[in-house]
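The numbering of the sequence shown is UniProt numbering, which starts it at 6 and goes up by one. Heads up, the thing below is written out as structure tokens.
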Amino acid sequence: PAPVRLEDYRPTDFAIDTVSLDIRLAPKATQVRARLAIRRRDTAAKGAPLVLDGDELDLVSLALDGRPLAADAYTAAPDRLEIRALPDGPFVLEIETRLDPDANTKLMGLYRSSGTYCTQCEAEGFRRITYFLDRPDCLSVYTTRIEARESDAPVLLGNGNPVEAGRIEGTDRHYAVWHDPHPKPAYLFAMVAGDLARVSNRFTTADGRDVALNIYVEHGNEGACDWAMDSLKRSMRWDEEVFGRIYDLEVFNIVAVSDFNMGAMENKGLNIFNDKYVLASPDTATDQDYAGIEAVIAHEYFHNWTGNRITCRDWFQLCLKEGLTVFRDQEFSSDMRSRPVKRIADVRLLKSHQFPEDAGPLAHPVRPRLYHEINNFYTATVYEKGAEVVRMLKALLGPEDFRAGMDLFFERHDGEATTVEAFLACFQEASGRDLAQFSLWYEQAGTPTLTVDSKYEPEARRFTMTVRQSVPPTPKQSAKKPMTIPLKAALIGPDGTEMTGLSVAGAEMTGDTLHIRNPSHMIVFSDVPARPVPSLLREFSAPVHLKSDLSDADLLFLAARDTDPFNRWQALQSVALSALIKATQAAAGQRPITVDPELVDAIGASIADDSLDPAFRALCLQLPGETDLAREIGKDVDPEAICQARRQVRATIADRLAETMLATYTAMTSPGPFSPDAAASGRRALRNVLLEYLSHGTGGQDGTLARAHFDAADNMTDRAAALGVLVHARLPGHEEALAAFADRHGHTPLALDKWFTIQATAPFGDALDTVKRLTTHAGFSMGNPNRVRALIGAFATGNQSQFNRADGAGFDYLAEVVLSLDKTNPQVAARLASAFRSWRSLEPERQARAEAALRHVAAMAELSPDVRDIVDRCLQ
Ligand code: HT7
Ligand code: ZN
């Protein structure tokens with residue numbers, strides 16, 4: 006299909022003011038009657054036909070103002086309905102379609118998940134239910150009548166508020182009517198019908214209204230909803246307090262389903278969730294799962310204002326709702342937990358997912374200008390880099406002007422479908438600043454590099470930093486302009502305190518943030534009494550690569566003394582990264598791997614520093630990941646050498662610090678019953694990362710410690726961590742532990758996913774065979790996206806050495822899976838295919854094998870647009 010381009014955007018010729026849907030559910034033949042009140046817009050050409058979108062639709066009947074349409078008045082195809090000879094004034098179109106929810110394996114439109122009827126309409130799923138102007142700028146008021154057999158589906162849910170419900174006399178069927186007073190685009194439509202259990206609560210809004218909160222889950226899972234409900238209530242309160250946003254319906258319903266392509270969906274008043282982001286009990290969910298549930302519940306709730314009340318004009322503006330809402334959920338989690346720990350976690354994710362995307366063939370601007378398949382643009386760039394752009398805006402404007410800009414945005418655009426330009430105009434107006442250069446963050450792909458060189462002149466008491474920026478070329482964007490980059494900085498004196506009261510010249514500043522705008526700035530600090538160490542890019546104030554001339558000694562000083570915890574962590578990571586690169590070179594050249602004692606001492610110091618939050622110490626201990634190393638190395642990457650080097654460095658550190666590690670490991674033993682809160686989870690994180698070190702060191706090789714940890718675990722965090730260590734270090738007892746875990750959790754799919762992932766990510770030569778074998782396990786299903794991600798997705802993205810095997814067998818396997826899954830679920834197949842995105846940075850032999858696998862996929866005639874788009878871009 007032809008690409009969609011931003012510059013081709015035109016408003017619709019027709020408005021659909023109201024939509025009445027009558028949905029009569031049956032597994033194989035659901036009847037959908039849509040009654041659309043339509044009017045031609047003043048701007049439309051007279052006599053222009055109405056062209057509605059469809060996707061695999063089966064049209065049953067069509068009527069205009071109550072009369073069946075003559076055959077020559079329309080043309081119907083599964084993907085398009087064109088109606089000619091329409092009246093000039095408003096008219097009512099009635100469309101009847103027939104759907105087969107059971108046959109819908111794409112999980113877009115109306116489908117069944119474990120017997121529950123549910124919908125997924127973002128981005129273009131509504132057109133799989135009825136013909137429609139399925140684009141985000143077509144806003145309508147919806148009334149939905151849902152009818153089903155009462156015994157199959159006692160629960161019937163729609164958007165908005167419940168209006169009416171009842172039995173249909175003389176039948177075994179019942180119905181419910183829902184009305185949503187807020188005009189919305191079709192992608193926010195939802196309905197659910199099934200035999201579900203309900204967990205209820207209430208919330209009183211800041212303006213005193215009572216809201217019913219319900220979470221619907223499969224029977225038996227009621228006990229696992231407490232954390233999600235608690236997270237929802239905290240999100241609602243937080244949005245009132247921090248952004249002044251109040252909920253606007255009588256009910257807020259959440260439904261958890263087990264078959265879902267993504268994490269969750271913000272349908273108005275009826276959020277539908279992947280059950281992974283709802284269900285939590287200490288026995289089945291890790292601390293990371295608890296944090297993920299809190300964040301995703303908040304994210305979807307926050308969309309009620311950023312996404313639903315104010316939506317996107319077109320899909321190019323996706324970051325307007327997603328980047329902004331990620332920023333909001335990150336801020337929420339920071340307020341609920343530790344701000345530095347959350348920031349470090351977010352930056353790790355950005356660097357490990359978004360930076361490689363921005364550096365490879367799938368790079369695109371935060372606001373793309375062209376797409377072939379919109380589903381492939383729900384990316385780390387749109388979400389995570391999009392959030393960073395909003396964060397930078399706040400850093401440059403300061404908190405007051407930022408809040409004023411947000412308030413103006415809510416006030417001015419409520420009820421509209423709008424654009425990034427309109428969003429930025431609100432901040433420009435509220436702050437009086439020109440944001441034209443800043444807007445390049447939405448337009449230019451690629452991660453900028455900031456290079457900082459500094460010198461201290463003691464006689465002149467002057468410290469000078471030369472800051473240069475460059476933005477790399479990316480696909481279809483070779484020449485780049487300089488950006489506005491907020492560089493938060495401080496000078497740390499020899500005694501470890503921040504130097505204050507210095508005068509600074511060479512760049513504008515807001516608070517402690519320098520506004521870098523030119524290709525090069527000379528920043529001069531005067532009256533500097535002694536040589537400082539600059540703490541740069543504090544809190545990771547911009548999504549850039551920072552290259553500074555700081556020595557390892559400077560960085561280790563910052564690791565110990567910086568007053569910004571983020572930069573303490575970052576400094577240690579930078580030293581560890583250089584050490585790991587050296588180790589990788591040694592591994593590739595079959596030379597011995599050594600680790601500098603200064604790095605070991607710095608790690609030892611952070612383990613033993615009881616003044617630091619255990620969660621923060623755990624992060625300090627985590628070595629940069631294999632993808633971080635591959636990204637830094639950039640070309641001729643040998644993932645097996647990286648893996649070997651990282652393991653060896655970890656073992657060396659463990660051996661040198663065994664005593665301190667064991668003492669802290671013991672001290673972190675849980676003092677009381679399980680709690681998912683930040684403090685308790687931080688202690689577990691530290692204890693578990695120490696277990697990992699100790700088990701990879703010489704003293705842990707007999708597996709005693711890891712087995713004891715596994716046997717004593719009274720929660721999933723500790724059990725999964727111990728199992729991971731036993732399997733990834735191949736310690737004695739790992740097979741028994743795998744069997745025990747499967748025994749205990751074999752009937753809990755979300756828990757069994759951890760078992761699949763641990764085995765799929767074991768860095769050994771038989772991992773691929775294990776993955777293949779596990780696809781035949783009774784708990785695995787190619788039809789369930791969570792299972793596919795847990796096993797095959799984890800192998801392709803979380804087992805770099807084995808997916809990128811030198812013989813190409815990992816690539817060939819993924820290609821086969823992509824081709825077979827493409828026939829049933831193209832969206833998930835395309836996501837898997839994007840694991841190839843860094844193939845060009847591999848060493849030549851692996852590159853050739855990856856390219857052959859990609860070409861094999863590309864050569865297939867019958868590819869979905871989803872997979873075609875990914876493989877074509879990867880090969881460009
Ligand atoms: N806005 C939601 C995106 C989403 C989605 C997109 C494509 C296909 C299936 C999907 N399920 C959910 C989720 C969010 O970002 O909040
Ligand atoms: Zn979202």
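Where is the CB? At the ideal position from N, CA and C, for every residue including glycine. Nothing here was measured: the structure is a model prediction, and the numbers come from that model.
Any heavy atom of the ligand ZN closer than 6 angstroms to the CB of residue i?
i      : result
Thr316 : no
Glu327 : yes
Thr330 : yes
By how many angstroms is the C-alpha of residue j removed from the C-alpha of residue i?
i      : j      : result
Phe769 : Gln807 : 7 angstroms
Arg724 : Ser556 : 40 angstroms
Asp185 : Val605 : 60 angstroms
Ile113 : Arg133 : The residue asked about is misnamed: residue 113 is Met in this sequence, not Ile. Computed Cα separation, rounded: 7 angstroms.
Val394 : Glu169 : 44 angstroms
Lys273 : Lys238 : 17 angstroms
Arg38  : Met514 : 59 angstroms
Thr386 : Lys326 : 13 angstroms
Arg408 : Asn789 : 42 angstroms
Asp532 : Leu429 : 38 angstroms
Ala510 : Ala128 : 48 angstroms
Arg46  : Phe96  : 12 angstroms
Thr469 : Leu496 : 11 angstroms
Thr518 : Leu492 : 5 angstroms
Ala400 : Gln627 : 28 angstroms
Would you say the beta carbon of residue i comes nearer than 6 angstroms to a heavy atom of the ligand HT7?
i      : result
Met241 : no
Tyr383 : yes
Met270 : yes
Gln627 : no
Met196 : no
Glu405 : no
Glu61  : no
Met673 : no
Gln359 : no
Asn279 : no
Gln125 : yes
Ala721 : It should be noted that the sequence gives Met, not Ala, for residue 721. It does not: the Cβ of Met721 is nowhere closer than 6 angstroms to a heavy atom of the ligand HT7.
Met488 : no
Met411 : no
Asn380 : yes
Excluding the five sequence neighbours on either side, which residues of its own chain have a C-beta within less than 7 angstroms of the C-beta of residue i, listed in chain order?
i      : result
Ile349 : Phe571, Trp574 and Leu624
Asp84  : Gly59 and Asp60
Pro597 : Ala591
Pro831 : Lys111, Ser869, Asp871 and Val872
Ala593 : Asp643 and Ala646
Met234 : Val204, Asn206, Leu218 and Ile220
Please go through the same chain and pick out, in chain order, the residues whose beta-carbon is closer than 8 angstroms to the beta-carbon of residue i, but skip the five residues on each side of it.
i      : result
Lys356 : Asp633 and Arg636
Gly249 : Asp412 and Phe415
Ala863 : Arg873, Val876, Asp877 and Leu880
Glu155 : Arg172, Asp177, Arg178 and His179
Ala78  : Leu69, Ile88, Arg89 and Ala90
Val425 : Gln322, Cys324, Leu325, Arg372, Ser444 and Tyr447
Glu850 : Ala811
Ala607 : Leu561, Ala564, Ala565, Leu577 and Val580
Given residue i, which residues of its chain have a CB within under 6 angstroms of its CB, disregarding the five upstream and five downstream residues?
i      : result
Asp817 : Ala858
Phe365 : According to the sequence displayed, residue 365 carries Gly and not Phe. Result list for Gly365: Arg842 and Ser843, in chain order.
Lys759 : Ala725
Gly268 : Asn279, Tyr282 and Val301
Ser508 : Ser531
*Residue ranges of each beta strand (DSSP E) run of no fewer than 3 residues wholly in the stretch 27–51, ordered along the chain?*
35–45
*Can you check the stretch 577–659 for any alpha helix (DSSP H) of at least 4 residues that lies completely inside it and give the ranges in chain order?*
602–613, 619–626 and 631–638
_Give the list of continuous alpha helix (DSSP H) stretches no shorter than 4 residues that lie fully inside the stretch 181–259._
231–248
*Segments assigned beta strand (DSSP E), at least 3 residues, entirely inside the stretch 503–547*: 508–510, 513–515, 518–521, 525–531 and 538–541
_Sequence ranges, alpha helix (DSSP H) only - wholly within the stretch 392–418, length at least 4_ = 404–418
*Could I get the ranges of all uninterrupted beta strand (DSSP E) runs contained in the stretch 430–517, with 3 residues as the minimum, in chain order?*
454–462, 467–475, 490–497, 508–510 and 513–515
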